[in-house]
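Colleague: In case it helps, mature numbering (1 follows the signal peptide of the UniProt record, and there is no 0) puts the sequence shown at residues -25 to -1, 1 to 99. We put the CB at the ideal spot given by N, CA and C, even for glycine. On a predicted model such as this, the values are computed, not experimentally measured, just so you know. Take a look at this one; I'll ask things after.
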Amino acid sequence: MASDKLAALALLLALLGCVACTCQASYGYPYPSSVPAKSTPPAAPALSYAYYYKTCKGAEKIVRDVVQAEIKRNRGIGAGLIRLFFHDCFVQGCDASVLLDKTQANEQTEKFGLPNIGSLRGLK
């Protein structure tokens, strides 16, 4: 019985030791301090609602119609387009770099990178 209590105490101390190590690895332990400011890129010009309606009337309708037609033709293309936009826009900004083919000057493009090769849809 005493050995069971000793084993339970040893297990408890081992678990507490793991928790203490985890807590010590956290930022600012044991003296909490303010989180360092993250460097942010310069702000881009403000976006505006209905930008293309004002600058290129009909552009939004054309895009909407083409996307709807493609989704009717191939139901899974909608998810593929969302993934395509994620890999292009949300990672390092919308620059259409995921659409670029290899050239002699640039052998490594996002389109043929390991995360994207064979998995991006809607490129044709």
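With 16 other CB atoms within 10 Å as the buried threshold, where does E35 fall?
Modeller: The residue is exposed, with fewer than 16 neighbouring Cβ atoms inside 10 Å.
Colleague: Using the Cβ count rule (16 or more neighbours within 10 Å means buried), how would you classify L59?
Modeller: Its Cβ being crowded by 16 or more others within 10 Å, L59 is buried.
Colleague: Tell me where the alpha helix (DSSP H) around G53 begins and ends.
Modeller: First-last of the alpha helix (DSSP H) with G53: 52 to 60.
Colleague: Apart from the five residues on each side of it in sequence, which residues of its chain come closer than 7 Å, Cβ to Cβ, to N91?
Modeller: Excluding residues within five positions, the ones whose Cβ falls inside 7 Å are H62, V73, E85.
Colleague: Counting only the same chain and skipping the five closest in sequence on each side, list residues whose C-beta sits under 8 Å from that of V38.
Modeller: So the list is empty, once near-sequence residues are dropped.
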